[in-house]
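> Have a look at the structure that comes next, please.
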Amino acid sequence: MFVLSKKSALAAASTSLFVLLWSSGAIFSKWGLAHASPFAFLLVRFAIALCGLVLLMPLLKLKLPKGGKPMLYAMATGVVLLGAYQIFYLLALNLNVTPGMMATIMGVQPILTVVIMERHRSISRMFGLALGLAGLIMVVYQGIGLAGMSLAGMLFGLLALASMTFGSIMQKRITDNPLGTLPVQYLAGLLLCGIFVPFQPFHVEHSTGFIVPVLWMGLVVSVLATLLLYRLIARGNLVNVTSLFYLVPAVTAVMDYLIFGNRLAALSMLGMLLIIIGLVFVFRKTA
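Quick note on numbering: UniProt numbering labels position 262 of the sequence shown as 262, and the sequence is numbered without any gaps.
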């Protein structure tokens, strides 16, 4: 009889919670963007996250990076992993790329991580990479060619994918006190966002439609979900950890349909299926 150990149960619970919370990000961001401009929403979100992390530092025993070089590297990682990723992600959503479509694009991240991190790849992995790439092409073609989404929106989606991939690789290289880098990184994201604010539309509606999403994104996703992600990255193989992101498109697509009524078209669903099958080949263990 198979008995799940307490440690395994806690790991499964934290992983499931991360996937659920991360999947909700696109939904709440889309909701918030209906009541605020992208950079206004992001600036307030980063400020809330930074304040939350500062207050939690004593409780979580977070220690800031020591020394100039670790501090600069943490800032650079924050610019890419949090700042650039979130800016491109919100700009894509603001240009009518649906949450389900964005989640499917981001589902390619594990495959990109394999391409960048591993030099020697088996035939099985190469086949999986090819399937994943074909799936991404289908999703992008559906978005631009058939669904009428803007080229700029899809481009921002791809840039968000690249930022998340390279940012995760940079974060994996932080082995000394990785969770302690979060306040520094959100400060970097806040500063990056602030650079663009004078040149972008800036408005918010003082309504539930803005307050609830920005609090959810600032505290639940930016703090809780990101702490879970960093903990997973620190404790596990980066390629295997990022494979969790292939679960996100399906969960987000269901949320997108239930909340906004957006259905993924047949070609996008086929693309998502190819990405998932590709990931099976990429991550399966060879004898």
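Glycine included, every Cβ here is placed at the ideal spot set by N, Cα and C.
Using only the alpha-carbon positions, how far apart do L187 and L50 sit?
7 Å
> Between which two residues does the alpha helix (DSSP H) holding N94 run?
Residues Y85 to N94.
> In whole angstroms, what separates the C-alpha of S122 from that of P213?
43 Å
> Is DSSP giving V108 helix, strand or coil here?
coil
> By how many angstroms is the C-alpha of M154 removed from the C-alpha of M71?
33 Å
> Measure from the alpha carbon of D256 to the alpha carbon of each residue in S16, A26, S124 and M149, then state which is nearest.
Closest option to D256, Cα to Cα, is A26.
> On the three-state DSSP scale, how would you describe F2?
With a pLDDT of 44 at F2, under the threshold of 50, the predicted position of this residue should be treated as unreliable, and no value is reported.
> Using only alpha-carbon positions, find the residue among I275, L274 and A250 that is nearest to R263.
A250
> Does the Cβ of T181 have 16 or more other Cβ atoms within 10 Å, making it buried, or fewer, making it exposed?
buried
> Output the distance between the C-alpha atoms of K66 and G135, rounded to the nearest integer angstrom.
43 Å
> Is there contact here, the stretch 153-169 with the stretch 79-91, by at least three beta-carbon pairs under 8 Å?
yes
> Apart from the five residues just before and just after F2, which ones in its own chain have a Cβ nearer than 8 Å to its Cβ?
Residue confidence for F2 is low, a pLDDT of 44 falling below 50, so the modelled location carries little weight and cannot support an answer.
> For the candidate residues L53, L20 and L267, whose alpha-carbon lies nearest to that of V184?
Closest option to V184, Cα to Cα, is L53.
> In chain order, what residues of the same chain have a beta carbon less than 7 Å from the beta carbon of L17, not counting five sequence neighbours either side?
L228
> In chain order, what residues of the same chain lie with their CB nearer than 7 Å to the CB of V203, ignoring the 5 residues before and after it?
The question names Val, but residue 203 in the sequence shown is His. Within the same chain, H203 has close Cβ partners A36, S37 and A40.
> Is the stretch 93-112 in contact with the stretch 265-277, if contact means three or more CB pairs nearer than 8 Å?
For the pair of segments examined, the stretch 93-112 was found to touch the stretch 265-277: the number of CB pairs separated by less than 8 Å reaches three.
> Cβ atoms of R45 and G167: under 7 Å apart, would you say?
no
> Among residues of its own chain, excluding the 5 on either side of W31, which ones have a beta-carbon nearer than 6 Å to its beta-carbon?
P213
> In this structure, how does DSSP classify V97 when only helix, strand and coil are distinguished?
Annotated three-state conformation of V97 is coil, per DSSP.
> Name the one or two DSSP bridge partners that V204 has.
A36
> If you check the beta carbons only, do L267 and Y230 fall under 7 Å apart?
no
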